[in-house]
Amino acid sequence: MAEHPAYPVGLRLTGRRVVVLGGGQVAQRRLPALIAAGAAVHLVSPEVTASVEAMADAGEITWHQRPYEDGDLADAWYALIATGDTEANARASAEAERRRVWCVRSDDADEATAWTPATGHSEGVTVAVLTTDARGRDPRHTAAIRDAVVEGLRDGTLVAPHHRTRTPGVALVGGGPGDPDLITVRGRRLLAEADVVIADRLGPRDLLAELPPHVEVIDAAKIPYGRFMAQEAINNALIEHAKQGKSVVRLKGGDPYVFGRGMEELQALAEVGIPCTVVPGISSSISVPSAAGIPVTHRGVAHEFTVVSGHVAPDDERSLVDWPSLARLTGTLVILMGVDKIGKIAETLVAHGKPADTPVALVQEGTTAAQRRVDATLATVAETVRTEDVKPPAVIVIGEVVKVGPTAAAPRE
Ligand SMILES: C[S@@+](CC[C@H](N)C(=O)[O-])C[C@H]1O[C@@H](n2cnc3c(N)ncnc32)[C@H](O)[C@@H]1O
1 MAEHPAYPVG
11 LRLTGRRVVV
21 LGGGQVAQRR
31 LPALIAAGAA
41 VHLVSPEVTA
51 SVEAMADAGE
61 ITWHQRPYED
71 GDLADAWYAL
81 IATGDTEANA
91 RASAEAERRR
101 VWCVRSDDAD
111 EATAWTPATG
121 HSEGVTVAVL
131 TTDARGRDPR
141 HTAAIRDAVV
151 EGLRDGTLVA
161 PHHRTRTPGV
171 ALVGGGPGDP
181 DLITVRGRRL
191 LAEADVVIAD
201 RLGPRDLLAE
211 LPPHVEVIDA
221 AKIPYGRFMA
231 QEAINNALIE
241 HAKQGKSVVR
251 LKGGDPYVFG
261 RGMEELQALA
271 EVGIPCTVVP
281 GISSSISVPS
291 AAGIPVTHRG
301 VAHEFTVVSG
311 HVAPDDERSL
321 VDWPSLARLT
331 GTLVILMGVD
341 KIGKIAETLV
351 AHGKPADTPV
361 ALVQEGTTAA
371 QRRVDATLAT
381 VAETVRTEDV
391 KPPAVIVIGE
401 VVKVGPTAAA
411 PRE
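The sequence shown: position 236 = 236 (full-length UniProt numbering), numbered continuously.
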């Protein structure tokens with residue numbers, strides 16, 4: 001019989017009976033997709049793996065704890081035959097043929113009436129890859145093609161603009177701390193689809209170089225603001241470009257809502273009726289310490305961490321921070337925008353009871369090639385910042401967690 005290519009189709013299995021024969025690794029791998037498709041899965045097998053048993057215990061599948069029997073495929077729409085017994089598999093596949101139930105076989109693709117493609121998902125799309133005929137089947141090759149396509153869509157190297165569901169208006173995208181690999185999949189996709197990108201100095205600036213030439217990249221710090229405040233000028237630029245029907249990405253460092261003025265931008269857009277999508281980002285407050293080997297919490301050391309802006313000094317009347325209370329906390333303090341005021345901050349914490357020998361680490365330009373870490377104590381940090389010439393952007397970590405990692409440096413006395 002001449003070999004014809006398989007006919008690709010998507011099965012809509014919600015509420016439909018699917019029979020799985022066998023409870024080993026093959027079933028374990030296939031079950032999550034069947035459950036996600038809403039199938040009424042009946043699994044027949046005397047034994048199952050621990051993961052399959054957990055799915056049965058959770059009520060996600062019905063497990064019939066016995067070997068396959070003729071008649072098991074009655075009323076099934078689809079069957080997966082994957083027992084370790086070739087003779088039972090052959091009998092089951094004969095039953096499937098008799099009952100006209102499409103079936104896949106783990107042990108013999110030639111005898112199967114259906115094949116499982118290598119599948120992956122990216123933003124509402126399922127990528128399914130099948131080889132053309134049974135003889136040419138090469139599961140590793142199809143899986144590699146699937147990975148290349150899904151990965152390309154995720155990281156934006158394979159650009160497939162959304163025509164019907166293109167995100168309208170402005171996307172406020174948290175770009176993470178700087179390393180281009182630390183932006184979210186969604187953020188990267190939106191960036192790949194943008195017509196205009198308004199970017200901060202902080203964040204994954206390397207990604208801007210990868211954008212196609214038609215994309216207009218605007219440095220937020222360079223938007224002229226004349227009679228407006230800088231932030232107002234940025235809001236106006238967002239509004240102007242969005243009103244022209246362009247897909248606008250506002251690329252911000254870290255997370256848009258952590259000292260990022262993200263809500264101000266969203267409010268300005270809402271006032272003029274422009275839709276805004278917010279994509280969370282990995283905040284420098286956690287990721288920069290982590291990149292320097294500092295966990296913001298550690299069992300038995302810190303049960304809390306507090307993220308504080310240090311952009312105004314503790315004695316500044318504009319400060320909203322209760323420094324005396326922070327001095328009493330036993331957990332970790334993470335200070336952003338605090339390099340300039342760290343002397344005053346350390347002094348205030350010590351004056352309100354924090355031990356002067358509390359460890360401090362300053363991590364400058366975290367997650368980038370220029371990352372560096374300088375260690376001190378509350379007593380020495382002001383001097384250390386001067387002698388070591390620590391410059392913003394830096395995250396300052398205060399607390400015993402600074403000392404727990406294997407990369408902890410000895411503090412400067
Ligand atoms: C205006 S705040 C924005 C914070 C950002 N939204 C976030 O979630 O990370 C800027 C401050 O974040 C910190 N920061 C951001 N990226 C950093 C990095 N790669 N290395 C060190 N500090 C960073 C610095 O304290 C900097 O002054």
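Even glycine gets a Cβ: it sits at the ideal position worked out from N, Cα and C.
*What number of angstroms, rounded off, separates the C-alpha of Thr358 from the C-alpha of Ala233?*
Stepping through the sequence shown from its first residue, residue 358 is reached at position 358. Stepping through the sequence shown from its first residue, residue 233 is reached at position 233. Their backbone Cα atoms lie some 42 Å apart in a straight line.
*asked:* Output needed for Gly310: all residues of its chain with C-beta closer than 6 Å, excluding positions within five of it in sequence on either side, in chain order.
replied: Working through the sequence shown from its first residue, we reach residue 310 at position 310. Within the same chain, Gly310 has close Cβ partners Ile335, Met337, Gly338, Lys341, Ile345.
*asked:* Pop quiz: Val401 and Ile294 are said to be a contact at Cβ under 8 Å. What is the actual Cβ separation, rounded to whole angstroms?
replied: Sequence index remark: in the sequence shown, residue 401 carries index 401 (1-based). Sequence index remark: in the sequence shown, residue 294 carries index 294 (1-based). Val401 to Ile294, Cβ: 6 Å. Contact.
*Excluding five sequence neighbours on each side, which residues of the same chain lie with their C-beta closer than 6 Å to the C-beta of Val249?*
Translated into the one-based positions of the sequence shown, residue 249 becomes position 249. Within the same chain, Val249 has close Cβ partners Ala171, Val173, Leu190, Leu191, Ala194, Val197.
*Would you give the residue range spanned by the beta strand (DSSP E) that residue 432 belongs to?*
No answer is possible for residue 432: the residues shown for the chain start at 1 and end at 413.
*Check whether the region 140-148 touches the region 210-230, taking contact to mean three or more Cβ pairs, one atom from each stretch, closer than 8 Å.*
no
*asked:* Would Ser397 and Thr330 be called neighbours here (beta carbons separated by less than 8 Å)?
replied: Indexing the sequence shown from 1 puts residue 397 at position 397. Indexing the sequence shown from 1 puts residue 330 at position 330. Per the sequence presented here, residue 397 reads as Val, with Ser not at that position. No, the pair does not count as a contact, with Cβ atoms beyond the cut-off.
*Mind checking who Arg205 pairs with in its DSSP beta bridge?*
On the sequence shown, position 205 is the one that residue 205 refers to. Paired residues: none, contrary to the question.
_In DSSP terms, what Pro359 is bridged to_ = In the sequence shown, counting from the first residue as 1, residue 359 sits at position 359. Partner(s): Thr377.
*Apply the 10 Å Cβ neighbour rule to Glu365 and answer buried if 16 or more other Cβ atoms are within range, or exposed otherwise.*
Taking the first residue of the sequence shown as 1, we reach residue 365 at position 365. The residue in question, Glu365, is buried, as its Cβ has 16 or more Cβ neighbours within 10 Å.
*Do you know offhand how far Arg244's Cα is from Ala79's?*
Residue mapping note: residue 244 aligns to position 244 of the sequence shown, counting from 1. Residue mapping note: residue 79 aligns to position 79 of the sequence shown, counting from 1. According to the sequence provided, residue 244 is Gln. The question's Arg does not apply to it. Gln244 and Ala79: Cα-Cα distance of roughly 52 Å.
*asked:* If you follow the alpha helix (DSSP H) that Thr142 is in, where does it begin and where does it stop?
replied: For the purposes of this step, residue 142 is taken as residue 142 along the sequence shown, with counting starting at 1. Residues 139-155.
*Report the residue from Glu53, Pro117, Asp108 whose alpha carbon sits nearest the alpha carbon of Ala33.*
Taking the sequence shown and counting its residues from 1, one reaches residue 33 at position 33. It is Pro117 whose Cα lies nearest to the Cα of Ala33.
*chain D contact for Asp70 (CB, 8 Å cutoff)*: Looking at the structure shown, chain D is missing, and only one protein chain is on hand.
*In this structure, does DSSP put Val20 in helix, strand or coil?*
Numbered from its first residue, the sequence shown carries residue 20 at position 20. In this structure, Val20 counts as strand in the three-state DSSP scheme.
_Between the alpha carbons of Val154 and Gly260, how many angstroms are there, rounded?_
As a first step, residue 154 must be located in the sequence shown, where it is residue number 154. As a first step, residue 260 must be located in the sequence shown, where it is residue number 260. A small correction: the amino acid at residue 154 is Arg; Val does not occupy that position in the sequence shown. Straight-line Cα distance between these residues: approximately 25 Å.
*Compute every distance between the C-beta of Glu365 and the non-hydrogen atoms of ligand 1, then say whether any falls below 7 Å.*
By 1-based counting over the sequence shown, the position of residue 365 is 365. Checking the Cβ of Glu365 against ligand 1 gives yes.
*asked:* Distance check for Val321 and Val308, CA to CA, integer angstroms please.
replied: Position 308 of the sequence shown, counted from the first residue, corresponds to residue 308. Position 321 of the sequence shown, counted from the first residue, corresponds to residue 321. For Val308 and Val321, the distance between alpha carbons rounds to 8 Å.
*Gln231 to Asp316, Cα distance in whole Å?*
Translated into positions along the sequence shown, residue 231 becomes position 231. Translated into positions along the sequence shown, residue 316 becomes position 316. Approximately 22 Å, taken between the alpha carbons.
_Which residue marks the beginning of the beta strand (DSSP E) containing His42, and which one marks its end?_
For the purposes of this step, residue 42 is taken as the residue at position 42 of the sequence shown. It spans 40-44 - the beta strand (DSSP E) in which His42 sits, taken as one unbroken run.
*Inspect the CB distances between the region 46-62 and the region 11-26 and report whether three or more fall short of 8 Å.*
yes
*asked:* I need the boundaries of the beta strand (DSSP E) containing Ser309, first residue and last residue.
replied: Here the question's residue 309 lines up with position 309 in the sequence shown. Ser309 -> beta strand (DSSP E) spans 305-309.
*Just the Cα atoms here: how many angstroms apart are Ala361 and Ser283?*
Here residue 361 is taken as the residue at index 361 of the sequence shown, counted from 1. Here residue 283 is taken as the residue at index 283 of the sequence shown, counted from 1. Their Cα atoms are separated by approximately 17 Å.
*Have a look at the DSSP bridge pairing and note the partners of Gln364.*
The count along the sequence shown starts at 1 and reaches residue 364 at position 364. DSSP output for Gln364 lists Arg372, Ala394 as bridge partner(s).
*Segment limits, alpha helix (DSSP H) that includes Val334*: Start at 1 with the first residue of the sequence shown, and residue 334 comes out as number 334. It is not in any alpha helix (DSSP H) - Val334 instead sits in the beta strand (DSSP E) that spans 332-336.
*Tell me, to the nearest whole angstrom, how far the beta carbon of Val9 is from that of Ala76; I am working on the premise that it is less than 8 Å.*
Stepping through the sequence shown from its first residue, residue 9 is reached at position 9. Stepping through the sequence shown from its first residue, residue 76 is reached at position 76. In fact, because the Cβ distance is near 17 Å, the residues do not count as touching under 8 Å.
_Using a 10 Å radius around the Cβ and a threshold of 16 neighbouring Cβ atoms, would you call residue 456 buried or exposed?_
Nothing about residue 456 can be reported from this structure: the residues present for the chain run from 1 to 413 only.
*Go ahead and label Glu347 buried or exposed: buried means 16 or more other beta carbons lie within 10 angstroms of its beta carbon, across all protein chains shown.*
Translated into positions along the sequence shown, residue 347 becomes position 347. Per the 10 Å Cβ criterion, buried.
*asked:* Would residue 418 and Leu73 be called neighbours here (beta carbons separated by less than 8 Å)?
replied: What the structure shows of the chain is the stretch from 1 to 413, and residue 418 is not part of that stretch, so it cannot be assessed.
*Could you please give the first and the last residue of the uninterrupted alpha helix (DSSP H) stretch that includes Lys344?*
The count along the sequence shown starts at 1 and reaches residue 344 at position 344. Element bounds for Lys344: 342-351.
*asked:* Taking the beta carbon of His4 as the centre, do at least 16 other beta carbons fall within 10 Å, making it buried, or is it exposed?
replied: Taking the sequence shown and counting its residues from 1, one reaches residue 4 at position 4. By the neighbour-count rule (16 or more Cβ atoms within 10 Å), His4 is not buried but exposed.
*Determine, using beta carbons only, whether Ser287 and Thr368 come nearer to each other than 8 Å.*
Numbered from 1 along the sequence shown, position 287 holds the residue referred to as residue 287. Numbered from 1 along the sequence shown, position 368 holds the residue referred to as residue 368. No, they are not a contact pair.
*Which residue comes first and which comes last in the beta strand (DSSP E) that contains Leu238?*
The count along the sequence shown starts at 1 and reaches residue 238 at position 238. Element bounds for Leu238: not the beta strand (DSSP E) but the alpha helix (DSSP H), 230-243.
*Trp323 by DSSP, collapsed to three states: which one?*
For the purposes of this step, residue 323 is taken as the residue at position 323 of the sequence shown. Note: Trp323 maps to helix in three-state DSSP.
_Cβ shell of residue 481 (< 6 Å), same chain only, five flanking positions each side left out_ = With the chain covering 1 to 413 only, the question about residue 481 has no answer from this structure.
*Met337: CB within 7 Å of a non-hydrogen atom of ligand 1*: Residue numbering aside, residue 337 sits at position 337 when the sequence shown is read from its first letter. Yes, the beta carbon of Met337 sits closer than 7 Å to at least one heavy atom of ligand 1.
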